[in-house]
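One structure is given below, encoded as structure tokens.
Numbering (the numbering used here), first residue to last: 283 to 683.
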């Protein structure tokens, strides 16, 4: 059953909202933003189309029982994952080094040499290809936004990607591992989703590896740019582990990576469901409530800084045109204060950011504009961006979010 917004935001207020992770009632709203774009990574062909892009609302609600956070205003039909959804970070040497090391870790951790692996939400198939390159016998992936031709060579014959959603009607042999990276946060009914994954595994011993954005970091750093419409679900370490325990898995390890941005879990299937460890509910409530206040301070700081640069006649650009950039610009309501956005992914050049209407240009075009300030939206890429700018003989002031 798909819940409507009215179902989730019932007339009796927060007490009527049930947690999609544990089923408890009484979710507490703590952060809201109106009129955000419903997709951050779709390729938009004109500024006019970008300015008229569909919008939705954010209302983050915390489950005081399990620590799960969800956007109660999310509507399933508003998000689109299909051809033209360009989310890959695979053109960054920094990210590729992380991705390769992660594939090697996953291969060693689960003993996947010569094994079959399944990836749910495989994107452009890059991680599947890495697993095969590192010794997996074959990989099967599911993703409606997959585009053929993104990988080739000797691994192509060992990979099968189904350009569809992994849904309750999907029946597939998962092999030795079910992998799901940066996908669970796009799912509203996470409890139901994990129970389906568990049913697909059945009595097999398939391990699972999931990766999501780390909500602990988002809360503590007031990283409002990491809150956007496609990401309906948010997990702290406790909330993620608890979800797996309740749905028939035994977590082996929960850890973070990539500068604390990603939260990862390795788990094994078990019979029945368990009881998660108790969480400090009041401490989590205090963190959630303080997020809105801290985020407001951070937002105001950036708005004042960008306004001052604009008044001084400085040209400001963003490096990175993905979801962080879209959330940053649209949450702040920034237009002319930022002149342009660049990205090293050539598939994004010549398109426009939703809602804010900023053009996406190549790094070479950015260098020709000789910006005074470049804001790197992901701090993991600061050194890489600095090298790229220097190679283009462009020497702006570099800031990071």
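Beta carbons are placed, not taken as given, at the ideal position from N, Cα and C, and that holds for glycine.
Determine which residues share a DSSP beta bridge with residue 632 and list them. BP columns for residue 632 are empty, so no partner.
Mark residue 541 as exposed unless 16 or more other C-beta atoms lie within 10 angstroms of its C-beta, in which case mark it buried. exposed
By DSSP's criteria, residue 311 is part of a beta bridge. Which residues make up the other side? 343
State the start and end residues of the unbroken alpha helix (DSSP H) segment that holds residue 483. 472-483
Backbone secondary structure at residue 442 - three-state DSSP: strand
On the criterion of 16 or more Cβ atoms from any shown chain inside 10 Å, does residue 422 qualify as buried, or is it exposed? buried
Identified DSSP bridge partners for residue 398: 420
Look at the Cβ atom of residue 361, then the Cβ atom of residue 510, and state whether they are nearer than 8 Å. no
What is the C-beta distance between residue 312 and residue 344, in whole angstroms, given that I count them as a contact (C-beta under 8 Å)? 6 Å
Looking at C-alpha atoms only, which residue of 602, 631, 629 is the closest neighbour of residue 620? 602
Proximity of residue 523 and residue 536 at Cβ, strictly below 8 Å: yes
Residue interval of the beta strand (DSSP E) (run including residue 500): From DSSP, residue 500 is part of no beta strand (DSSP E) but of the alpha helix (DSSP H) over 497-503.
With a 10 Å radius around its C-beta and 16 neighbouring C-beta atoms as the bar for buried, classify residue 679 as buried or exposed. exposed
Is it buried or exposed, residue 266, if we count other Cβ atoms within 10 angstroms and call 16 or more buried? Nothing about residue 266 can be read from this structure; the chain reaches only from 283 to 683.
Please identify the residue among 576, 429, 408 whose C-alpha is closest to the C-alpha of residue 463. 408
Answer yes if the stretch 370-390 comes into contact with the stretch 399-416, meaning at least three C-beta pairs across the two stretches below 8 Å, and no otherwise. yes
Put residue 356 into one of helix, strand or coil per three-state DSSP. coil
For the 8 Å Cβ check, are there 3 or more pairs between the stretch 342-357 and the stretch 659-666? no
Beta-carbon spacing of residue 493, residue 424 below 8 Å: no
Does the Cβ-Cβ distance between residue 322 and residue 661 come in under 8 Å? no
Please report how far the alpha carbon of residue 380 lies from the alpha carbon of residue 589, in whole angstroms. 36 Å
Between which two residues does the alpha helix (DSSP H) containing residue 599 stretch? First-last for residue 599: 598-601, but that is the beta strand (DSSP E), not the alpha helix (DSSP H).
I need the DSSP call for residue 322, collapsed to helix, strand or coil. coil
Cut-off 7 Å between Cβ atoms - residues of its own chain near residue 320, not counting five sequence neighbours on either side: 336, 337, 338, 360, 361, 511
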